[in-house]
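Comments concern the structure below.
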Amino acid sequence: MKAAAASGGGGGGKETLVASILRYIILLILPFTVIYIFYTLHAILSSTPSCPPDRAVATTSVSLSHLSTRNHTPSSLSTPPAAPVSTATTLQQVVFGIAASARLWEKRKEYIGIWWRPNAGMRGFVWMDEPVQESSVPAGLPPIKISSDTSGFPYKNRRGHRSAIRISRIVSETFRLGLPGVRWYVMGDDDTVFLPDNLMAVLRKLDHRQPYYVGYPSESHLQNIYFSYGMAFGGGGFAISQPLAARLERMQDACIHRYPSLYGSDDRIQACMAELGVPLTRHPGFHQYDVYGDLLGLLAAHPVAPLVSLHHLDVVRPLFPTARSRAAAVRRLFDGPVALDSAGAMQQSICYDAGNRWTVSMSWGFVVMVSRGMISAREMEMPARTFLNWVLSTPKGQEGNKTMTIDVGVCKDWEFSQV
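My numbering applies: residue 163 is where the sequence shown begins, and numbers increase by one.
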């Protein structure tokens with residue numbers, strides 16, 4: 163009996179030890195469990211936002227607007243998001259400002275007459291330095307305006323001409339006319355030839371209610387170094403949206419006073435754009451063409467983009483060698499390929515004839531070039547060197563366009579003109 167009692171007492175002591183360990187573990191885990199349950203309930207109950215959802219969205223919207231518009235006026239942060247554009251921009255909502263001089267008017271007006279469309283409701287003005295005889299303004303051309311006196315503005319560039327100040331103010335002077343329904347102001351020279359349909363195709367892709375400065379630098383590397391790769395060259399033309407034109411008009415005169423040493427009109431415009439914090443929106447269809455010689459190589463390799471403008475046509479050879487004049491060559495371009503397919507004019511296409519091992523490059527409405535051998539598309543996109551540098555002392559290799567050497571001299575002019 164004593165042995166049994168002793169044995170039973172030993173089993174009860176062991177159970178007491180296990181129970182103690184379990185109680186210790188429970189007491190150790192219990193606080194963490196309570197804390198976990200408390201924070202879980204707190205997270206669930208506090209998941210409802212303390213501010214209305216639209217306020218949170220508005221806060222995010224303002225912060226994003228601040229990041230994307232740091233160069234714009236503070237008032238733009240408080241304005242609500244713009245509504246979608248209800249209608250596409252039309253030609254009647256674009257106003258052209260054409261810089262001209264009385265001395266060259268008789269020669270240059272023929273270029274304007276080629277692309278200007280009075281029956282399509284185009285609006286614009288030719289801004290002269292002095293009056294010209296009314297008889298010298300044919301019907302169907304834009305009205306003549308005389309630029310304001312700019313003698314009060316300083317001009318200190320010894321290599322340039324102070325007419326640059328007058329020309330740089332054409333956009334502002336056109337804006338001050340107060341024409342209704344204007345979305346874009348387009349600037350060009352009297353020897354700039356625009357393709358209106360292609361210009362509209364470019365502008366329709368942009369929101370005219372935002373500040374836009376649209377154009378392209380020069381084809382000359384040195385010209386871009388002297389001026390700026392961020393500048394739209396005026397001869398190639400550029401477009402300024404209505405809100406930006408309004409801001410430019412308010413500050414341009416003061417801006418011009420701050421840059422008396424600049425050379426031309428387009429660098430004065432770009433200086434004011436820099437002060438307004440608006441960068442250049444580039445489009446490769448605007449062409450300054452700071453070159454001499456033949457545009458064959460450049461136009462035969464025109465990028466796949468709408469041809470918007472041509473410039474310096476009095477300096478280069480006629481586009482078509484058999485045309486009776488440079489203006490007549492441009493007229494042939496407009497009467498043919500531009501009338502048939504303006505969007506595709508000059509754009510390069512490349513294909514191959516595997517059987518004959520030929521490479522064929524076609525610039526729509528202008529030229530077809532057939533080369534022996536299978537030449538890569540990358541090489542064919544390089545312009546053939548048929549032109550000379552604008553700065554004739556430019557070192558070789560610094561022309562601006564990466565070119566390839568093709569002996570186009572072995573081909574007769576008439577072969578190109580018959581394509």
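A virtual CB, placed ideally from N, CA and C, is assigned to each residue, including glycine. The structure displayed is predicted, hence computed values, not measured ones.
Span of the alpha helix (DSSP H), counted from its first residue to its last, around residue i
i      : result
Ile274 : 267-277
Leu495 : 488-495
Ile537 : No alpha helix (DSSP H) holds Ile537; DSSP gives it neither H nor E.
Gln385 : 383-388
Leu460 : 458-462
Asp428 : 428-438
Ser525 : Looking at the DSSP string, Ser525 is not in any alpha helix (DSSP H); the run it does join, the beta strand (DSSP E), is 520-525.
Phe337 : 332-337
Spatial distance of residue i from residue j (CA atoms)
i      : j      : result
Thr251 : Asp369 : 9 Å
Val529 : Ala462 : 6 Å
Pro215 : Arg371 : With a pLDDT of 41 at Pro215, under the threshold of 50, the modelled position of that residue is not reliable, and no figure is offered here.
Asp311 : Ile327 : 10 Å
Lys367 : Asn518 : 42 Å
Asn233 : Gln432 : Low local confidence applies: a pLDDT of 42 at Asn233 is under 50, so the model's placement there is unreliable, and no value is given.
Ala301 : Glu411 : 31 Å
Leu502 : Phe356 : 16 Å
Tyr273 : Ser330 : 21 Å
Pro304 : Ala262 : 12 Å
His445 : Ser380 : 12 Å
Gly498 : Gly527 : 7 Å
Thr249 : Gln255 : 11 Å
Trp278 : Arg493 : 12 Å
Ser182 : Leu190 : 12 Å
Ser325 : Gly439 : 26 Å
Val570 : Tyr451 : Note that Val570 scores a pLDDT of 44, beneath 50, so its modelled location is shaky; the value from the coordinates is reported in the next line. Going from the Cα of Val570 to the Cα of Tyr451 covers about 20 Å.
Gly340 : Phe287 : 13 Å
Phe496 : Ile276 : 8 Å
Cys434 : Asp515 : 52 Å
Val376 : Leu406 : 11 Å
Ile306 : Lys271 : 11 Å
Val500 : His419 : 42 Å
Ala408 : Thr336 : 11 Å
Ala363 : Arg540 : 27 Å
Glu268 : Ala546 : 34 Å
Gln560 : Arg285 : Residue confidence is low: Gln560 scores 48 on pLDDT, short of 50, so the model does not pin down where it sits. Its coordinate-derived value is still stated next. Rounded to the nearest angstrom, the two C-alpha atoms are 40 Å apart.
Asn281 : Phe258 : 15 Å
Tyr198 : Ile188 : 15 Å
Val196 : Arg185 : 16 Å
Thr178 : Phe194 : 25 Å
Contact check, residue i vs residue j, beta carbons under 8 Å
i      : j      : result
Gly392 : Asp428 : no
Gly350 : Tyr378 : no
Leu457 : Asp353 : no
Met531 : His464 : no
Tyr623 : Thr443 : Because residue 623 is not part of the residues shown, which for the chain are 163 to 581, the question remains open.
Phe549 : Gly455 : yes
Trp346 : Gln404 : yes
Asn360 : Ala489 : no
Thr521 : Met536 : yes
Val344 : Ala401 : no
Val294 : Ala264 : yes
Ser525 : Ile512 : no
Ser313 : Trp289 : no
Tyr421 : Arg321 : no
Asp448 : Ser423 : Reading off the sequence, residue 448 comes out as Phe, not Asp. Cβ distance not < 8 Å, so Phe448 and Ser423 don't count as in contact.
Pro358 : Leu481 : no
Gln510 : Val478 : no
Ser382 : Asn551 : yes
Host beta strand (DSSP E) of residue i (start-end)
i      : result
Asn360 : Unbroken run through Asn360 is the alpha helix (DSSP H), 358-365; no beta strand (DSSP E).
Met413 : From DSSP, Met413 is part of no beta strand (DSSP E) but of the alpha helix (DSSP H) over 404-419.
Ala261 : 256-261
Asp369 : Premise fails: Asp369 is in no beta strand (DSSP E) and is neither H nor E.
Pro550 : Checking the sequence, you will find Leu at residue 550 rather than Pro. Counting along the chain, the beta strand (DSSP E) containing Leu550 begins and ends at 549-551.
Gln510 : 510-515
Phe448 : Segment: none, Phe448 is in no beta strand (DSSP E) and carries neither H nor E.
Met349 : 346-351
Tyr454 : 453-455
Lys318 : Per DSSP, Lys318 belongs to no beta strand (DSSP E) and is neither H nor E.
Met290 : 285-290
Residue i classed as buried or exposed, judged by whether at least 16 other C-beta atoms fall within 10 angstroms
i      : result
Arg338 : exposed
Ser334 : buried
Glu292 : exposed
Cys417 : buried
Ile387 : exposed
Pro441 : exposed
Pro468 : buried
Ile260 : buried
Val180 : exposed
Gly283 : exposed
Thr453 : For the record, residue 453 in the displayed sequence is Val; it is not Thr. Val453 comes out buried.
Below-8 Å beta-carbon distance, residue i vs any chain D residue
i      : result
Ile387 : This model lacks chain D altogether; it includes just one protein chain.
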